[in-house]
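Using this note's numbering, the letters of the sequence shown correspond one by one to residues 445 to 849. Beta carbons: idealized from backbone N, C-alpha and C, even for Gly.
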Amino acid sequence: MGNDFIRRLGEKYLMKNYTRQPVALVKGEGVHVWDAEGNKYMDFVGGLAVNSLGHCDPEVVESAVEQLKKLIHCSNLYWTEPQVELAQLLVENSDFDRVFFCNSGAEANEAAFKLARRYFQVLKGSRRYKIITMYKSFHGRTLAAAAATGQEKVHTGFDPLPPGFVHVPFNDIEALEKAVDDETCAVMLEPIQGEGGINAAKKEYMKEVERICRENGILLMVDEIQCGMGRTGKLFAYEHYEIKPHVVTLAKALGGGLPIGAVLAVEEVSRAFGPGSHGSTFGGNPVSCAAGAAVVNALFERGLIKNAAQMGSYLYEKLEDLKEKYGFIEEVRGLGLMLGMELSMDGSRIVDLCRKRGLLINCASEKVLRFLPPLNITREHVDRAVEILDEVLDSISKEGEDGIG
């Protein structure tokens, strides 16, 4: 089946809630993928920050396949070795004490919301329930996660949204201080906003957020679903800011391509969840956890976190060179291998032209090109990707202003 045939089948049978590129991917290996007609692409989308080890990493595949042969699912009525092993790896390499597993980022954030409210209402005897989040944030598409998300386009058509979420401008400490009241139970934010356009928190801002939470006795919860698991050059992005959150949420890269989500919490807060208070039938699935353990081990054993920092700096410098060359590039920003290039025009045409030349990127908003390559890329991969991007930008530049967009 070719690209067009698969696309037509999809258009006939699938709901139309995604804007897809006109290719059907059938194979992946390392930094490359192939479509149904044999065309090869360098993948700098990475399954939206999921494929941190590249496609079909041999160790992840082997771990998942071996677990598939032994036990696929049994529910959380029983203990399983892969779930315990992954929890141990996460706790021993973080500032947290306990883990709850689920299946996605939205589920992880939903669990964090419930944990925060239950912590105050059950353990503290308080009716605190409000959670402060940021404009341009993205926390998921389930109803409460959508309500937490500070983007109106995610809310449209889903009223009434669950109450209790208050949005304030990102990197604005005065606005946050004004928003905190005696009904606030937590602040949740992304150290780097992904879907909002690759916006990084300022260090002094994050330190002040931590102070406000501490002084008001409320929880600091960090959403690292896109920026976590080594992508920024540290295992957790919050480590760049020298803060210690009460809760962090993970997903995406944790499973190496298999669905998994996780909530990590300090001991005191974790006690809010007792038997029956929250759960997930598939959460902590043995196969996903086996893959997750392989991912975490690979990050440390292969030096991929350090490589993310080094290659991120190299890619950043290359993108900055392009900024000096093309006037329609307004800013390059991000941390590690989570980078964005803001343009003065819509970036969708650039995405299309890059794909036609063999490079997959996407937009994190209409005007921000997003780069989320595997953490094990080399300088040669970066050079080739930037070469393709340069060719595309040059062709657009030569068309003049009327050809942009």
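When secondary structure is reduced to three states using DSSP, residue 497 falls in the coil class, being assigned neither helix nor strand. Residue nearest to residue 605 within the set 595, 614, 613, 612 is 595 (criterion: CA-CA distance).
Note that the segment 543 to 563 touches the segment 629 to 648; at least 3 beta-carbon pairs, one per stretch, sit closer than 8 angstroms. For residue 584, the closest C-alpha among the options 470, 812, 659, 667 is that of 667. Here the alpha carbons of residue 648 and residue 560 stand approximately 25 angstroms from one another. Comparing alpha-carbon positions, the option among 728, 570, 653, 609 lying closest to residue 616 turns out to be 653. Using a 10 angstroms sphere on the CB of residue 457, the tally of other CB atoms stays under 16, which defines it as exposed. For residue 808, same chain residues with a beta-carbon under 7 angstroms away, outside a window of 5 residues either side, are 638, 639, 641, 642, 784, 814 in chain order.
Comparing alpha carbon positions, the residue from 613, 607, 573 closest to residue 581 is 613.
A straight line joining the alpha-carbon of residue 776 with that of residue 842 spans about 22 angstroms. Residue 838 carries a helical assignment under DSSP once its states are collapsed to helix, strand and coil.
Here the C-alpha atom of residue 692 lies approximately 27 angstroms from the C-alpha atom of residue 511. Taking C-beta separations shorter than 8 angstroms and ignoring five residues to either side along the sequence, the partners of residue 538 in its chain run 679, 680, 692, 708, following chain order. Here DSSP, grouped into helix, strand and coil, assigns residue 709 to strand. Nearest to residue 579 by alpha-carbon distance, out of 572, 565, 610, 603, is 610. Using a Cβ-Cβ distance cut-off of 8 angstroms, the segment 464 to 472 and the segment 658 to 677 are not in contact, since fewer than three pairs of beta carbons, one from each stretch, lie closer than that value.
Contiguous beta strand (DSSP E) elements confined to the segment 654 to 687 occur at 663 to 667, taking only those with 3 or more residues. Shown here, residue 451 sits in a helix according to DSSP, grouped into three states. Counting only runs of 3 or more residues that sit fully inside the segment 463 to 537, the beta strand (DSSP E) segments are 469 to 473, 476 to 479, 484 to 487, in chain order. Nearest Cα to residue 722 within the set 622, 563, 676, 832: 563.
Residue environment analysis places residue 755 among the buried positions, since at least 16 neighbouring C-beta atoms fall within 10 angstroms of its C-beta. Contact fails between the segment 736 to 746 and the segment 709 to 719, because fewer than three Cβ pairs, one in each stretch, are under 8 angstroms apart. Note on geometry: alpha-carbon atoms of residue 571 and residue 695 lie some 29 angstroms from one another. Within the same chain, Cβ atoms closer than 7 angstroms to the Cβ of residue 669 are found at 549, 552, 693, 694, 695, 696, the five residues on either side in sequence being excluded. Taking residue 505 as reference, the option from 586, 676, 699, 656 with the minimal CA-CA separation is 699. DSSP, reduced to helix, strand and coil, places residue 643 within a strand of the structure shown. Three or more Cβ pairs closer than 8 angstroms define a contact, and the segment 525 to 544 falls short of that threshold against the segment 751 to 765.
Counting along the chain, the unbroken alpha helix (DSSP H) around residue 756 starts and ends at 748 to 769. With contacts defined as CB atoms closer than 8 angstroms, residue 737 and residue 533 qualify as a contacting pair.
Here residue 497 is near residue 742, since their CB atoms are less than 8 angstroms apart.
In the three-state scheme derived from DSSP, where H, G and I count as helix and E and B as strand, residue 825 is classed as helix.
Look at residue 740 here: in three-state DSSP terms it is helix.
Burial state of residue 607 is exposed, judged by a 10 Å Cβ sphere holding fewer than 16 other Cβ atoms.
In this structure residue 508 is in contact with residue 702, their Cβ atoms being roughly 7 angstroms apart against a cut-off of 8 angstroms.
The criterion of a C-beta distance shorter than 8 angstroms is satisfied by residue 627 and residue 573.
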